[in-house]
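Data first, discussion second: the structure below is written as structure tokens.
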Amino acid sequence: MVENPHIILPGGGIFFYWQAGAITYIRNKYDLSTSIMTGASAGALAATLAVTNVDFEEATTLALQLCDEYGVWKRRGGLQGIWGPIIEEWLEILLPANAADITQDKVV
């Protein structure tokens, strides 16, 4: 295995859960503690969650819970107009307090 692998995750919200699954599989097979990740948009989100060791299954459960709380499934506009606050709350709950320090040299 490469000493310091560099994992690149492209943007595109539709790819987030594919990336989450791929990262979960890879980190179950390999030690990613020396890896560097680069991501754009949803890829940056996936990289940040991966480097801070967030469990993607727990993240999904929380996302669905927040969508229920915000009434996303019953709103005519769905996520329109409330996406930002939901993501902000989701990240506040998921990320450790020292996420900026953890990701400093790991997510580029």
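According to our numbering, the stretch in the sequence shown is residues 421 to 528, in order. All C-beta atoms in this analysis are idealised placements derived from N, C-alpha and C, irrespective of residue type, glycine included.
| query | result |
| --- | --- |
| Start-to-end residues for the beta strand (DSSP E) that takes in residue 458 | 456 to 459 |
| Within the region 436 to 498, ranges of the alpha helix (DSSP H) (whole runs, at least 4 residues) | 436 to 449, 462 to 471, 476 to 489 |
| Nearest candidate by alpha-carbon position, reference residue 441, set 463, 426, 455, 424 | 463 |
| Bounding residues of the beta strand (DSSP E) (the contiguous stretch that carries residue 429) | 426 to 429 |
| Option nearest residue 423 by Cα separation, candidates 470, 431, 432, 450 | 450 |
| Cα-Cα separation, residue 512 to residue 518 | 11 Å |
| Pairwise C-alpha distance: residue 474 and residue 516 | 9 Å |
| Nearest-angstrom Cα separation, counted from residue 507 out to residue 492 | 13 Å |
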